[in-house]
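Only one structure is covered here, and it is reproduced in the block below.
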Amino acid sequence: MASMRDIKRRKSSIQSTQQITNAMKLVSTVKLQKSKQHAENSKPYFDQMYRTVTSMLAKSGDIDHPYLKAKESGKKAIIVVTSNRGLAGGYNSNVVKQVFEQNFDPKDVLIYGIGKKGCEILTRKGYEIKRDYSEVIESPLFEDAEFIAKELLTDFENGEISEIYLAYTLFKNTVSHIPKCIKLLPMSKEELTAEGEGNESDDRTIMSYEPAEDEALALIIPKYITSLLYGAFVEAVASENGARMQAMDSATSNAEEMINDLELKYNRARQGSITQELTEIIAGADAIS
Amino acid sequence: MEDRNFKVRIICPDRVFYEGQAEMIEFSTTEGDIGVYKHHIPLTTVIRPGAVILTFEDGTQKEAAVHAGFAEILGDQVTILAEIAEWPDEIDVNRAERAKERAEKRLASVADGKVDEARAEYALRKALVRLDVAR
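Chain order of the listed sequences is X and S.
Taking full-length UniProt numbering, the leading residue of the first sequence gets 1, the next gets one more, and so forth.
Taking full-length UniProt numbering, the leading residue of the second sequence gets 1, the next gets one more, and so forth.
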């Protein structure tokens, strides 16, 4: 049985850890409120953007645009949105798992990393980090998304990359966050319309475009990519805080459990030593008389 | 008299900027300025920096600056997706003034070939729209 002093030391160390996890939980709860609000505020914009783009593609027949054509050569780009800090449960590894599940050869993949943690794991696994925008995730701005989208599209147009994927965590609600990997470019009509089924079959009258469809599409697709990226960022931030809150919550309650356990052990040990001392004194007294 | 109001929504990435009824909406597109009444033909158009003017039933008007984005017009609903939208009282006039000067200077030195003319012109336009709406 461990000595009383050992148990005491261990208990106080767990107690200070608990204080830290509890503080972190409170901080991420506050941050979650903020980022959740942020994610909710920006939702209508993306929903509308998505609807418009899908209906445009559905209506516009066969447009010969580089953004819509599949290319054979070139590497695949994956934008991986993770966090800069750990201690968020499975948050980061779940996103990275989405990358592995695509079953691409690491040599064919260029990572556009957002968030240090994801970059670290992927480098270890032999993926090449092409660009690192980790600082963006601290407080994502629309301008950041615009900048990244511009670089991505330039690389895409130069033929450096032929496909663009986005791996991030969807913020469904406070307790459920779903890691996702979606294809951004090239957009294929079939995929988009299949996803948008249901809300797309509505009786929209014939839509006119100004400027003409292909020109408008060329202007709108970069905006679409930008808005998807921005949406992914704000959702990822909300998910990160949610995940950290949960992780810290369970850490705090685990610590509580351990402390109770140790408390019991400590009391037993104390009682044991008192009993032992008593027995010794009585035995000593017996021996004298 | 027929109800001439229709639904207007102006949405930004970080908020729903405006949602409500209006009788007419005017804004600038890449093809020119347009005004929209109820029962306009369905149209999707790309907007450029400019003022959006909402006219209400009682004749009052509301003005806002909108930069970049696009608009979707359906018979009884107009949705503007704007990357930036500001009410007059949200505009920092001094900042816009400075931006205007900067853009003008850049445009003046376009001859050197170092400056991106289109970008400078775009910046100038944005600054002008802001100043225009703020006044």
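Heads up, the beta-carbon is just placed ideally off N, CA and C, and yes, glycines get one too.
In the DSSP assignment, D132 of chain X forms a beta bridge with X:G113. What S227 of chain X touches in chain S, judged by beta-carbon distance under 7 Å, is P13, going in chain order.
DSSP places K25 of chain X in the helix class (H, G or I) of the three-state scheme.
Per DSSP, R48 of chain S is not a residue of any alpha helix (DSSP H), being assigned neither H nor E. Only R15, V16, T29, T30, E31, I41, P42, L43, T44 from the segment 15-44 of chain S bring a Cβ to less than 7 Å from some Cβ of chain X.
Sequence-distant Cβ neighbours of A247 of chain X in its own chain, meaning closer than 7 Å and more than five residues away, are L87, A88, G89. Under the 8 Å criterion on CB atoms, S16 of chain X is classed as non-interfacial with respect to chain S. By the 16-neighbour rule on beta-carbons within 10 angstroms, L141 of chain X is exposed.
Spanning the alpha carbons of V8 of chain S and Q18 of chain X requires a straight line of approximately 52 Å. Here the segment 112-124 of chain X lies against the segment 74-88 of chain X, with 3 or more beta-carbon pairs under 8 Å apart. Proximity of T79 of chain S to chain X, defined by a Cβ-Cβ separation below 8 Å, is satisfied. Contact between the segment 72-82 of chain S and the segment 93-105 of chain S is absent, with fewer than three C-beta pairs closer than 8 Å. As a beta-bridge residue in DSSP terms, M24 of chain S pairs with S:T55.
Here R9 of chain S carries a strand assignment [DSSP, helix/strand/coil]. Not flagged as an interface residue toward chain X: F6 of chain S, since no C-beta distance is shorter than 8 Å. Judged by DSSP secondary structure, Y168 of chain X falls within the beta strand (DSSP E) whose first and last residues are 161-171. Beyond the five residues adjoining it in sequence on each side, S42 of chain X comes within less than 8 Å, by CB distance, of Y230, G231, V234 in the same chain, given in chain order. When C-alpha distances from Q98 of chain X are compared across X:K150, X:C181, X:E135, the shortest belongs to X:C181.
Here Q102 of chain X carries a coil assignment [DSSP, helix/strand/coil]. Around the beta-carbon of P106 of chain X, fewer than 16 other beta-carbon atoms lie within 10 Å, marking it exposed.
DSSP places S208 of chain X in the uninterrupted beta strand (DSSP E) bounded by 208-210.
Below 8 Å, too few C-beta pairs join the segment 51-60 of chain S and the segment 268-278 of chain X to call them touching: fewer than three. Each residue's CA atom was taken as its position, placing R51 of chain X and L166 of chain X some 19 Å apart. Against chain S, the CB of L219 of chain X has a partner CB under 8 Å away; the residue lies at that interface.
The beta carbon of K126 of chain S sits closer than 6 Å to the beta carbons of P49, H67 from its chain, once the five residues preceding and following it are set aside; these are given in chain order.
In the structure shown, R85 of chain X falls within a coil segment according to DSSP collapsed to helix, strand and coil. Closer than 8 Å to the CB of F147 of chain X there is not a single CB belonging to chain S. Closest in C-alpha terms to E2 of chain S, from the list S:W87, S:K38, S:T29, S:F27, comes S:K38. In the structure shown, the three-state DSSP call for T226 of chain X is helix.
The beta carbon of T29 of chain X lies closer than 6 Å to those of M245 in the same chain, with the five residues before and after it left out. Ranked by how close their Cα comes to the Cα of V27 of chain X, the residues X:E240, X:N92, X:L122 have X:E240 in first place.
The C-beta separation of Y266 of chain X from K11 of chain X comes to about 7 Å, placing the pair in contact by the 8 Å criterion.
Note: P179 of chain X is bridge-paired with X:T169 in the DSSP secondary-structure output.
Under the three-state reduction of DSSP, G74 of chain X is assigned to coil, being neither helix nor strand. Across the structure, T226 of chain X and A145 of chain X are spaced so that their CA atoms are roughly 5 Å apart. Neighbours of V52 of chain S in chain X, taken as residues at a C-beta separation under 7 Å, are lacking, since the least C-beta distance is about 16 Å.
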